[in-house]
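Trainee: Chains as they are written, first to last, in this note's numbering: chain A, 1 to 464; chain B, 1001 to 1464.
There are 2 protein chains.
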Amino acid sequence: MPDPAAAVTDENQRPGGLLEIDEAVTGDLATLLAEDARGMVLNLVADLYPADLALLLSRLETEQGQKLLTWLDPARGAEALPELDHDYRTQLLADLPATRLTVLVDALDTDDAADVLADLPEMLAVRVLPRLDDADDLNELLGYGEETAGGIMAAEYVAVPATWSVADVTEEVRRVARMVEEVYSVFVIGEGRVLEGVVSLKKLLLSPAERSIAEIMERDFISVTTNVDQEEAAQVMERYDLVSMPVLDGDGHLVGRITIDDVVDVIRSEAEEDMQLMSGVSGDESPMTSLLKVSRGRLPWLVIGLAGAGLSGLVIGGFEESLEQAVVLATFIPIVTAMGGNAAVQSAAITVQGITSGELWTGDALARVGREAVVAACNGLVLAGLLCSAVAVLGVAHAGPLALTLGLTMLFVVMLASANGALIPFGLQALGIDPASAIGPFVTTLNDILGLTVYFLIASLFYL
Amino acid sequence: MPDPAAAVTDENQRPGGLLEIDEAVTGDLATLLAEDARGMVLNLVADLYPADLALLLSRLETEQGQKLLTWLDPARGAEALPELDHDYRTQLLADLPATRLTVLVDALDTDDAADVLADLPEMLAVRVLPRLDDADDLNELLGYGEETAGGIMAAEYVAVPATWSVADVTEEVRRVARMVEEVYSVFVIGEGRVLEGVVSLKKLLLSPAERSIAEIMERDFISVTTNVDQEEAAQVMERYDLVSMPVLDGDGHLVGRITIDDVVDVIRSEAEEDMQLMSGVSGDESPMTSLLKVSRGRLPWLVIGLAGAGLSGLVIGGFEESLEQAVVLATFIPIVTAMGGNAAVQSAAITVQGITSGELWTGDALARVGREAVVAACNGLVLAGLLCSAVAVLGVAHAGPLALTLGLTMLFVVMLASANGALIPFGLQALGIDPASAIGPFVTTLNDILGLTVYFLIASLFYL
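1) So what does DSSP say about residue 1154 (chain B), is it helix, strand or coil?
2) Which of the three DSSP states, helix, strand or coil, is assigned to residue 1207 (chain B)?
3) For residue 1457 (chain B), name the three-state secondary structure that DSSP assigns.
4) Along the chain, which unbroken stretches of the beta strand (DSSP E) at least 3 residues long are found entirely within the segment 68-148 of chain A?
5) Within the continuous alpha helix (DSSP H) that includes residue 308 (chain A), where are the two ends?
6) Whose CA, out of B:1066, B:1049 and B:1056, lies closest to the CA of residue 1079 (chain B)?
7) Cα separation between residue 178 (chain A) and residue 1216 (chain B)?
8) Can you tell me the Cα-Cα spacing of residue 203 (chain A) and residue 195 (chain A), whole angstroms?
9) Could you check which residue in A:47, A:61, A:189 and A:320 has the C-alpha nearest to that of residue 76 (chain A)?
10) Along the segment 1233-1247 of chain B, what residues have a CB closer than 7 Å to any CB found in chain A?
11) Using only the alpha-carbon positions, how far apart do residue 224 (chain A) and residue 1265 (chain B) sit?
12) Closer than 8 Å between beta carbons: that is the criterion. Which residues of the segment 1276-1308 of chain B meet it against chain A?
13) Out of curiosity, what's the CA-to-CA distance linking residue 55 (chain A) and residue 117 (chain A)?
14) Identify whether residue 1384 (chain B) lies in helix, strand or coil by the three-state DSSP scheme.
15) If I follow the unbroken alpha helix (DSSP H) through residue 995 (chain B), where does it start and stop?
16) Tell me where the beta strand (DSSP E) around residue 1226 (chain B) begins and ends.
17) Taking a contact to mean a Cβ-Cβ separation below 8 Å, would you say residue 185 (chain A) touches residue 173 (chain A) in this structure?
18) Report, in whole angstroms, the separation of the C-beta atoms of residue 1447 (chain B) and residue 1344 (chain B), which I expect to be a contact under 8 Å.
19) For the beta strand (DSSP E) containing residue 437 (chain A), list its first residue and its last residue.
20) Just to make sure I have the definition right: I need the residues of chain A whose C-beta is within less than 9 Å of the C-beta of residue 959 (chain B). Which are they?
21) Does the beta-carbon of residue 1251 (chain B) have 16 or more other beta-carbons within 10 angstroms, so that it is buried, or is it exposed?
22) So, using beta-carbon positions, are residue 472 (chain A) and residue 1374 (chain B) closer together than 8 Å?
23) If residue 1210 (chain B) sits next to residue 1282 (chain B), beta carbons under 8 Å apart, how far is it from one beta carbon to the other, in whole angstroms?
24) Check whether the Cβ of residue 1262 (chain B) sits closer than 7 Å to any heavy atom of the ligand ZN, and report yes or no.
25) Should residue 1384 (chain B) and residue 1415 (chain B) be called a contact, given that it needs their Cβ atoms to be closer than 8 Å?
26) Could you list the residues in the segment 1040-1068 of chain B with a C-beta less than 9 Å from some C-beta on chain A, going in chain order?
27) Do residue 139 (chain A) and residue 1298 (chain B) have their CB atoms nearer than 8 Å?
28) Please classify residue 1463 (chain B): does DSSP put it in a helix, a strand, or coil?
29) Identify which residue in B:1330, B:1288, B:1279 and B:1336 has its Cα closest to the Cα of residue 307 (chain A).
30) Let's see if you can read the secondary structure: which residues bound the alpha helix (DSSP H) around residue 23 (chain A)?
31) Indicate the three-state DSSP secondary structure (helix, strand or coil) for residue 282 (chain A) in the structure shown.
32) According to a CB-to-CB cut-off of less than 8 Å, which residues of the segment 368-389 of chain A neighbour chain B?
33) Show which residues of chain B have a CB atom less than 9 Å away from the CB atom of residue 268 (chain A).
34) At a CB-CB cut-off below 7 Å, which residues of chain A make contact with residue 1343 (chain B)?
35) Could you list the residues in the segment 1174-1200 of chain B with a C-beta less than 7 Å from some C-beta on chain A, going in chain order?
36) Among B:1310, B:1453 and B:1154, which has the Cα closest to the Cα of residue 1180 (chain B)?
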């Protein structure tokens, strides 16, 4: 049997000198953990970056992950925690001895520590919290809504009085260097921690030591308040290309800062949430979620879908007599529903993106519908033409009226569906609902009902 | 008539002191531009951040935008360009005098300048390029694929020899401070620009002036090569929480750097691309794209959808005799297709996210399908129960066999669809196709065909 520790060192080197975490490496690690080969395990993970260590942890059985987590130096183990999937992390930490848990959480930045604590079973969190060094800061952070600027900000930052010199400030940065790992800028505060200005690290580096910090600070800074939605905070930082942004309370007092890595996480998770909304999955499902929770999360959407489809069925049922006279009409039901659904989703997707990115405003709704109608008319005509040709080629009985029915239906359905797709996201936005919900089950169901009604009405006029 | 310039100053102040760009402000600006009130216009836009200026520009008619762009100080106008929608930017710049265009592009960072040039009509780009200060750098940048690390990197960075002292390096940062606006770290290079280490700005600030830079540099840095896909480069920076990452050529020579704002843009645009793929819209459509291009981009997806729906229709046509005997079966066609589609998309969405985020590997495909089958069995049973109850309540003729048919169909269809949804993304990934393509038209069409076949086969067995 080849030596697992040796196997992972040659082939799995990535160009940057990083160990590629793949199935072979995790398999080897699991074997070594099972054999209690502590020295080899620690050697294997010694040079891993936190994100890679987290990936390894997430691929292990919970018990083996816990074993690894107790073997590791607490600072190293803690680094990996923010990178783990929430569900898995809670599972991993819930059975750990409280003392170990305390050490791990203490090694985290306050924003990550608050995150971990919020996910733990309350009994456990309540026991761990008072023992932590940053208990006060954490208590405050835990008071903010999870999806607000207050909820994603950290209490670690560098703040100095406006009277200090550049040399004083540099000395302060040195003093807190270990506590505040990523320093992008220094906040200048007045009485009662009211934020007065911001100095970038570059500016600090390039300014003479005796200069007063008040002279070089930027007074025209961008900030948010704690209650702002995390998505909006992320958009502000993205929009103005900030790497660090102060967070103030309602009275302008500095209470924390958000850094760009948090924003990247927010953008990623909001994009995932949109994708889940579009697909009828509850927003917090991940590949690691327990089966029961998955089933419970998806079922409501399916039931809503069933109800909607039931209405489509009632439309068909209402035209049962027409169908009895010409069963061939049933053949085209999937075409009517699919084309309406596709056209609506296309038009909704672009509208949602425009709204989300701020390119489209509520006042643009009508212009948007107009544009979509023109596109839909073009595409509807092409589709109608294709369907009519198909009918001609297939040589069905009463080909003329059937072709006329299908052609007109296609044109109307695609136009109606596109208009819906363009309009509904604006409506949802106005109601305070995420416009991404418009793509997927809701729009398609509505268009099935409308499309089938149009289809059978036209068929009644021309075909029967 | 109220004075437009006054109107925008009171109500539209956002908390951060920023002017809120909304319909009122753009309307006022358009009026002032039309009246050639240059002083008032420049006053109105004087304190705007680049992103806000870009938003204003994008809401103006092209000619008015061009007017504003020629009135503005070139440096200010240039700042707004990277924030504009590509299509609109090209439109805006294409008619500008070549000298003005040269000045604007010269004021941009090389990565943004390359972006602008790549979008311009080739005739114009070829005329502007040789006149630019950074013509050589730009020629090189334009040679890299648009969606690679080389394509998004900038040629502006601070690089110093390993022999320099901290004081020398600080002096160098000062020297290039105007050219390299965002300095997060300094690159230490050896012979032939081979990258030897990286020094963060914080480290530089905190190190004694006489220390050699080689002593304080981090030798274990993360980098990518120019040919790496932009999405992968973004993932590396996101994964390892980097704000700036060196880009090397094949031989380890430093050629550029990627900064976190570029990564945020990549994450955003990849998320938008996924949403578009899921919705059957060609990847580069935006709300500003011309109608003809929109129609051309969407039509192929609709035609593919039509072909797929046509196959579903053929399945129904194949069971025309069964339908003639019991037209009531047609009523449930939308339910069968909608439920299969919904279940498949739910299961595909989670699988796609797992693959994209690196949580799921190819070896997990079977386990994934197993999980989905269990969830689908639970949900399928509930849906089957609901449908059977509905049939019982409605009191149709032959309620027993119909309920049996519908119940069994629901269970099979949801299970089949969920398995497809879980499996197809892995298949696409293996074929090198973006797994997000699995959600939307493709999966739903396949499940319509499968679902209807199952439905009519079961109906033939039990109902007729």
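Cβ atoms here follow ideal geometry from the backbone N, Cα and C, with glycine treated the same way. As the structure is a prediction and not an experimental result, all values here were calculated from the model.
Mentor: Judging by the given coordinates:
1) strand
2) coil
3) helix
4) none
5) That run of the alpha helix (DSSP H) goes 291-318.
6) B:1049
7) 16 Å
8) Cα-Cα distance, rounded: 18 Å.
9) A:47
10) Of all residues in the segment 1233-1247 of chain B, only 1238, 1239, 1240, 1241 and 1243 come within less than 7 Å of chain A when Cβ atoms are compared, listed by chain position.
11) 21 Å
12) 1276, 1278, 1279, 1280, 1281, 1285, 1286, 1287, 1288, 1291, 1294, 1295, 1298, 1299, 1301, 1302, 1303, 1305, 1306 and 1308
13) Residue 55 (chain A) and residue 117 (chain A) have their C-alpha atoms some 21 Å from each other.
14) helix
15) Look at the range of chain B in this structure, 1001 to 1464, and you will see that residue 995 (chain B) is not part of it.
16) Where residue 1226 (chain B) is concerned, there is no enclosing beta strand (DSSP E), given that its DSSP letter is neither H nor E.
17) no
18) 5 Å
19) No beta strand (DSSP E) contains residue 437 (chain A), which DSSP labels as neither H nor E.
20) No statement about residue 959 (chain B) is possible, as the shown extent of chain B runs from 1001 to 1464 and does not include it.
21) exposed
22) The shown model of chain A, from 1 to 464, leaves out residue 472 (chain A), and the question about it has no answer.
23) That belief does not hold up - the Cβ atoms of residue 1210 (chain B) and residue 1282 (chain B) are roughly 59 Å apart, past 8 Å.
24) Looking for the ligand ZN in the displayed structure turns up nothing, as the structure carries no ligands at all.
25) no
26) Here the close residues are 1047, 1049, 1050, 1051, 1052, 1055, 1058 and 1059.
27) no
28) coil
29) B:1336
30) 23-34 is the span of the alpha helix (DSSP H), which, as asked, contains residue 23 (chain A).
31) coil
32) 368, 371, 374, 375, 378, 379, 382, 383, 386 and 387
33) 1238, 1267, 1271 and 1357
34) 302
35) 1174, 1177 and 1183
36) B:1154
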